[in-house]
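In this note's numbering, the protein residues as written are 2 to 301.
All C-beta atoms, glycine included, are put in the ideal place defined by N, C-alpha and C.
Reading through the structure tokens given below for one structure.
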């Protein structure tokens with residue numbers, strides 16, 4: 002499918018999701034739809050899309066990407082934590098600092114990163130985004146949650162969440178099976194390839210359905226600065242020491258700029274951070290990201 006048409010359809014999907022979330026009156030129905038789409042995307046839709054898209058690209062080597070992703074998220078987490086701990090405004094509530102930290106470091110590399118990495122950079126971009134979602138998720142729930150809780154002096158990990166997170170297993174399985182030679186013995190219908198692509202539209206629709214908007218204040222602006230400036234700068238710096246090609250570097254910069262992951266709001270509720278801030282930051286950052294991507298695509 003033409004990239005312009007794909008981008009338009011992705012934009013329509015998220016707009017329909019936003020409108021449905023804001024104007025559909027039955028909250029129970031919306032919650033059921035969210036749960037259904039989440040399970041579909043995690044257990045079937047996105048893993049199938051990843052598997053089929055990478056099946057014919059065994060030349061893509063994942064080891065170097067994995068090393069870079071691990072180093073990037075670890076360094077970004079530590080640098081962001083130190084800066085927020087020492088230099089954020091004294092009147093900034095610690096619960097807000099915790100939410101600001103987790104949202105500005107860990108982006109939505111799954112539901113947003115995968116569709117747009119595939120749109121702009123093809124199967125190699127998809128491979129990088131999928132691997133980033135897996136490794137980033139592990140660091141997110143371990144080091145990320147630990148550092149966020151340090152703002153509240155609780156020092157808790159959420160490493161058990163990794164063991165209970167199906168996305169980690171389903172994405173990892175899809176990546177591994179796409180590397181196996183015996184899979185090529187099976188004839189996969191083209192209709193299944195086409196069907197699997199619907200997952201990226203359901204993913205961005207779910208994003209729109211989940212977003213909750215409030216006002217922009219100074220702490221939101223601080224978060225946006227970290228998310229869209231500091232994170233890509235760190236990624237750009239480390240990419241200079243790699244032998245990745247331009248396409249790979251561009252993919253990593255895109256993923257470093259993705260808006261906060263939806264799970265950050267749930268983590269804020271669970272660990273008693275500021276969930277309202279996390280939800281609002283996620284919604285505003287997501288809209289800014291989509292607008293910039295849309296404009297960049299048509300200008301270029």
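Point to revise | residue 243, enclosing alpha helix (DSSP H) - first and last residue | key: Translated into positions along the chain shown, residue 243 becomes position 242. No alpha helix (DSSP H) holds residue 243; DSSP gives it neither H nor E.
**Study point:** Same chain, Cβ closer than 6 Å to residue 113, neighbours up to 5 away in sequence not counted
**Key:** Here residue 113 corresponds to residue number 112 of the chain shown, with the count starting at 1. Excluding positions up to five away in sequence, the list reads 259.
Practice item. Measure the alpha-carbon distance for residue 1 versus residue 125 and round it to whole angstroms. Key: No information on residue 1 is available, as it lies outside the stretch 2 to 301 that the chain covers here.
Practice item. Say whether the segment 241–248 touches the segment 190–199, bearing in mind that this needs 3 or more beta-carbon pairs closer than 8 Å, one atom from each stretch. Key: Between the segment 241–248 and the segment 190–199, the count of C-beta pairs closer than 8 Å stays below three; the two stretches do not touch.
Check your understanding: Around the C-beta of residue 213, are 16 or more other C-beta atoms found within 10 angstroms, so that it is buried, or is it exposed?
Key -> Reading the chain shown from its first residue, position 212 is the one you call residue 213. Exposed: under 16 other Cβ atoms inside 10 Å.
Review point. CA-CA distance, residue 58 and residue 215?
Key: Numbered from its first residue, the chain shown carries residue 58 at position 57. Numbered from its first residue, the chain shown carries residue 215 at position 214. Their Cα atoms are separated by approximately 43 Å.
Check your understanding: Between which two residues does the alpha helix (DSSP H) carrying residue 219 extend?
Key -> Position 218 of the chain shown, counted from the first residue, corresponds to residue 219. Going by DSSP, residue 219 is part of the alpha helix (DSSP H) stretching over 219–226.
Review point. If we count Cβ pairs, one from each stretch, closer than 8 Å, do we get three or more for the segment 144–156 versus the segment 28–37?
Key: Not touching, per the Cβ criterion.
Practice item. Tell me, to the nearest whole angstrom, how far the beta carbon of residue 81 is from that of residue 102; I am working on the premise that it is less than 8 Å. Key: To locate residue 81, count along the chain shown from 1; it is residue 80. To locate residue 102, count along the chain shown from 1; it is residue 101. The Cβ separation is near 6 Å, so the contact holds.
Exercise for review: Select from 221, 49, 68 and 56 the residue whose C-alpha is nearest the C-alpha of residue 181.
Suggested key: Residue mapping note: residue 181 aligns to position 180 of the chain shown, counting from 1. Considering only alpha carbons, the answer is 56.
Practice item. Please work out which residues of its chain come closer than 7 Å, Cβ to Cβ, to residue 242, disregarding the five sequence neighbours upstream and downstream, and give them in chain order. Key: Walking along the chain shown from the start, residue 242 turns up at place 241. Non-local beta-carbon contacts of residue 242 in its own chain, meaning distances under 7 Å to residues more than five positions away in sequence, are absent.
Check your understanding: Are residue 205 and residue 173 touching if we call contact CB-CB under 7 Å?
Key -> Residue numbering aside, residue 205 sits at position 204 when the chain shown is read from its first letter. Residue numbering aside, residue 173 sits at position 172 when the chain shown is read from its first letter. In terms of Cβ geometry, residue 205 and residue 173 do not form a close pair [threshold 7 Å].
Check your understanding: Within this structure, are the beta carbons of residue 209 and residue 72 separated by less than 7 Å?
Key -> Counting from 1 along the chain shown, the entry for residue 209 is found at position 208. Counting from 1 along the chain shown, the entry for residue 72 is found at position 71. Not a contact, by the Cβ cut-off of 7 Å.
Review point. Quick one, are the C-beta atoms of residue 95 and residue 153 less than 7 Å apart?
Key: Locating residue 95 in the chain shown gives position 94, where the first residue counts as 1. Locating residue 153 in the chain shown gives position 152, where the first residue counts as 1. Cβ distance < 7 Å, so residue 95 and residue 153 count as in contact.
Review point. Would you say residue 120 and residue 7 are within 7 Å of each other, going by their C-beta atoms?
Key: The residue labelled residue 120 in the question sits at position 119 within the chain shown. The residue labelled residue 7 in the question sits at position 6 within the chain shown. Yes; because the gap between Cβ atoms is below 7 Å, this pair is in contact.
Check your understanding: DSSP on residue 261, reduced to helix/strand/coil?
Key -> Position 260 of the chain shown, counted from the start, is the residue given in the question as residue 261. Looking at residue 261 - three-state DSSP - the assignment turns out to be strand.
**Study point:** Bridge partners - residue 108, DSSP secondary structure assignment
**Key:** Mapped onto the chain shown, residue 108 falls at position 107. Note: residue 108 is bridge-paired with 261 in the DSSP secondary-structure output.
Review point. Hey, how far is the Cα of residue 235 from the Cα of residue 97?
Key: On the chain shown, position 234 is the one that residue 235 refers to. On the chain shown, position 96 is the one that residue 97 refers to. CA-to-CA, the gap between residue 235 and residue 97 works out to about 23 Å.
**Study point:** Sequence-distant residues of its chain with Cβ nearer than 8 Å to residue 42 (five each side left out)
**Key:** Position 41 of the chain shown, counted from the start, is the residue given in the question as residue 42. The answer, listed in chain order, is 112, 200, 203, 204 and 207.
Point to revise | Other residues of its chain near residue 66: CB distance less than 6 Å, five sequence neighbours each side excluded | key: The residue labelled residue 66 in the question sits at position 65 within the chain shown. So the qualifying residues of the chain are 129 and 132.
Exercise for review: Tell me whether the beta-carbon of residue 48 lies closer than 7 Å to the beta-carbon of residue 175.
Suggested key: As a working mapping, residue 48 is identified with position 47 in the chain shown. As a working mapping, residue 175 is identified with position 174 in the chain shown. In this structure, residue 48 places its C-beta atom within 7 Å of the C-beta atom of residue 175.
**Study point:** residue 273 versus 12, 150 and 140, residue with shortest Cα-Cα distance
**Key:** Sequence index remark: in the chain shown, residue 273 carries index 272 (1-based). Residue 273 has its Cα closest to that of 150, out of 12, 150 and 140.
Exercise for review: Specify the secondary structure class of residue 153 as computed by DSSP and reduced to three states.
Suggested key: Position 152 of the chain shown, counting from 1, holds the residue named residue 153. Reduced to three states, the DSSP call for residue 153 is coil.
Check your understanding: In three-state terms, what does DSSP make of residue 25?
Key -> Residue numbering aside, residue 25 sits at position 24 when the chain shown is read from its first letter. Note: residue 25 maps to coil in three-state DSSP.
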